[in-house]
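Participant: Next up is a structure, given as structure tokens.
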Amino acid sequence: DAGVIQSPRHEVTEMGQEVTLRCKPISGHDYLFWYRQTMMRGLELLIYFNNNVPIDDSGMPEDRFSAKMPNASFSTLKIQPSEPRDSAVYFCASSLTAFNEKLFFGSGTQLSVL
Amino acid sequence: RKEVEQDPGPFNVPEGATVAFNCTYSNSASQSFFWYRQDCRKEPKLLMSVYSSGNEDGRFTAQLNRASQYISLLIRDSKLSDSATYLCVVTTSGTYKYIFGTGTRLKVLA
């Protein structure tokens, strides 16, 4: 299996632009998670899906952030408009089921908003 | 108070040393516990789960203390390759949210 695939690996954009991050989970995994990592705050859970349905989006910072999972093999995290404070590494992870399950992370997207 | 707290370190230890990290969690309903390892500029990867009775995997030993609400990770005979950030992860009963600590950085010195 190719593992969790994220794109792009790096994204540099200007403040106010729309940013779309993409994730392909491992086939057969029912759960998909989006995390953001910064030096100050560590890894923060933004949202997670079960069988393509958003379950908990309480970690989404504000309305500028949105996430979708139109099918079992694809998810997007969109920021519109982007701001410099959104600069971080964004990780997508998937797991087969829920509790006591190993999370498989993608390589992350390094986002820089200038 | 953060849900999961860790000493950020860095812990600088010589090769062959034994080093231990603790992680405290605030929610007494926490159900599952893990240690993940993250190398610089890489994604986190599962190191080991933490079971109530404690568990060992080679040079690594994990312990859970529910009464005091902390988990620990002990690394024996440290190797240069153990240099990384160690992340404590907790899930809470009724949710499927994996909450990460900010990590403890370990540097093993030659």
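Here the protein sequences line up with chains A and B, keeping their order.
Sequential numbering of the first sequence, starting at 2, is according to this note's numbering.
Sequential numbering of the second sequence, starting at 32, is according to this note's numbering.
Backbone N, C-alpha and C fix where the C-beta goes; we use that ideal spot for every residue, glycine too.
Here the structure is a predicted model, which means the values were calculated and not measured.
Taking Cβ positions, are SER57 (chain B) and ARG32 (chain B) nearer each other than 7 Å?
Facilitator: Your numbering for residue 57 (chain B) matches position 26 in the second sequence. Your numbering for residue 32 (chain B) matches position 1 in the second sequence. For SER57 (chain B) and ARG32 (chain B), yes; Cβs fall inside 7 Å.
Participant: Return the residue from the list B:GLU74, B:THR133, B:ALA93, B:LEU111 that minimises the CA-CA distance to VAL35 (chain B).
Facilitator: The residue given as residue 35 (chain B) occupies position 4 in the second sequence. With distances taken between Cα atoms, VAL35 (chain B) lies closest to B:THR133.
Participant: For the beta strand (DSSP E) containing ILE80 (chain A), name the first residue and the last one.
Facilitator: As a first step, residue 80 (chain A) is located in the first sequence; it is residue number 79 there, counting from the start. Here the beta strand (DSSP E) through ILE80 (chain A) covers 75 to 80.
Participant: Once DSSP output is grouped into helix, strand and coil, what is the label at ARG86 (chain A)?
Facilitator: As a first step, residue 86 (chain A) is located in the first sequence; it is residue number 85 there, counting from the start. Three-state DSSP puts ARG86 (chain A) in a helix.
Participant: For LEU78 (chain B) and chain A, any beta-carbon pair shorter than 7 Å?
Facilitator: Along the second sequence, read from residue 1 onward, the residue named residue 78 (chain B) stands at position 47. Closer than 7 Å: no.
Participant: Below 8 Å, can you find three or more Cβ-Cβ pairs linking the stretch 82 to 96 of chain B to the stretch 118 to 137 of chain B?
Facilitator: At 8 Å Cβ cutoff, the stretches do not touch.
Participant: Measuring alpha carbon to alpha carbon, tell me which residue in B:GLY89, B:THR116, B:LYS110 is nearest SER66 (chain B).
Facilitator: On the second sequence, position 35 is the one that residue 66 (chain B) refers to. Strictly speaking, residue 66 (chain B) in this sequence is Trp, with Ser absent from that position. Of the listed residues, the one whose Cα sits closest to TRP66 (chain B) is B:THR116.
Participant: So the beta strand (DSSP E) TYR36 (chain A) belongs to, where does it begin and stop?
Facilitator: For the purposes of this step, residue 36 (chain A) is taken as the residue at position 35 of the first sequence. TYR36 (chain A) -> beta strand (DSSP E) spans 32 to 39.
Participant: Looking only at its own chain, which residues have a Cβ that is under 6 Å from the Cβ of SER76 (chain A), when we skip the five neighbours before and after it?
Facilitator: As a working mapping, residue 76 (chain A) is identified with position 75 in the first sequence. Answer for SER76 (chain A): CYS24, LEU33, MET70, listed in chain order.
Participant: Starting from GLU87 (chain B) and walking both ways along the beta strand (DSSP E), at which residues does that stretch end?
Facilitator: Numbered from 1 along the second sequence, position 56 holds the residue referred to as residue 87 (chain B). First-last of the beta strand (DSSP E) with GLU87 (chain B): 86 to 88.
Participant: Which residues of chain B have a Cβ atom closer than 9 Å to the Cβ of TYR91 (chain A), listed in chain order?
Facilitator: In the first sequence, residue 91 (chain A) corresponds to position 90, counting from 1. None at all; the shortest Cβ gap to chain B is about 11 Å.
Participant: Between PRO75 (chain B) and LEU118 (chain B), is the Cβ-Cβ spacing less than 7 Å?
Facilitator: Mapped onto the second sequence, residue 75 (chain B) falls at position 44. Mapped onto the second sequence, residue 118 (chain B) falls at position 87. In this structure, LEU118 (chain B) lies closer than 7 Å to PRO75 (chain B) by Cβ.
Participant: Using a Cβ distance threshold of 8 Å, determine whether the stretch 10 to 29 of chain A contacts the stretch 52 to 63 of chain A, with at least three qualifying pairs required.
Facilitator: Because the criterion of three Cβ pairs below 8 Å is not met, the stretch 10 to 29 of chain A and the stretch 52 to 63 of chain A do not touch.
Participant: Measuring straight from C-alpha to C-alpha, what distance separates PRO82 (chain A) and CYS93 (chain A)?
Facilitator: As a working mapping, residue 82 (chain A) is identified with position 81 in the first sequence. As a working mapping, residue 93 (chain A) is identified with position 92 in the first sequence. Their Cα atoms are separated by approximately 21 Å.
Participant: Using beta-carbon positions only, say whether SER114 (chain B) and ALA48 (chain B) come within less than 7 Å of one another.
Facilitator: Taking the first residue of the second sequence as 1, we reach residue 114 (chain B) at position 83. Taking the first residue of the second sequence as 1, we reach residue 48 (chain B) at position 17. No, the Cβ-Cβ distance between SER114 (chain B) and ALA48 (chain B) is not below 7 Å.
Participant: Along the beta strand (DSSP E) that carries MET139 (chain A), what are the first and last residues, could you check?
Facilitator: There is no way to answer for residue 139 (chain A), as the model of chain A reaches only from 2 to 115.
Participant: Nearest by alpha-carbon distance to THR110 (chain A): which of A:GLY4, A:SER74, A:ARG10 is it?
Facilitator: The residue labelled residue 110 (chain A) in the question sits at position 109 within the first sequence. Checked all of A:GLY4, A:SER74, A:ARG10; the closest Cα to THR110 (chain A) is A:ARG10.
Participant: Could you tell me the distance, in whole angstroms, from the CA atom of ALA60 (chain B) to the CA atom of PHE131 (chain B)?
Facilitator: Start at 1 with the first residue of the second sequence, and residue 60 (chain B) comes out as number 29. Start at 1 with the first residue of the second sequence, and residue 131 (chain B) comes out as number 100. If I take the Cα positions, the gap works out to 16 Å.
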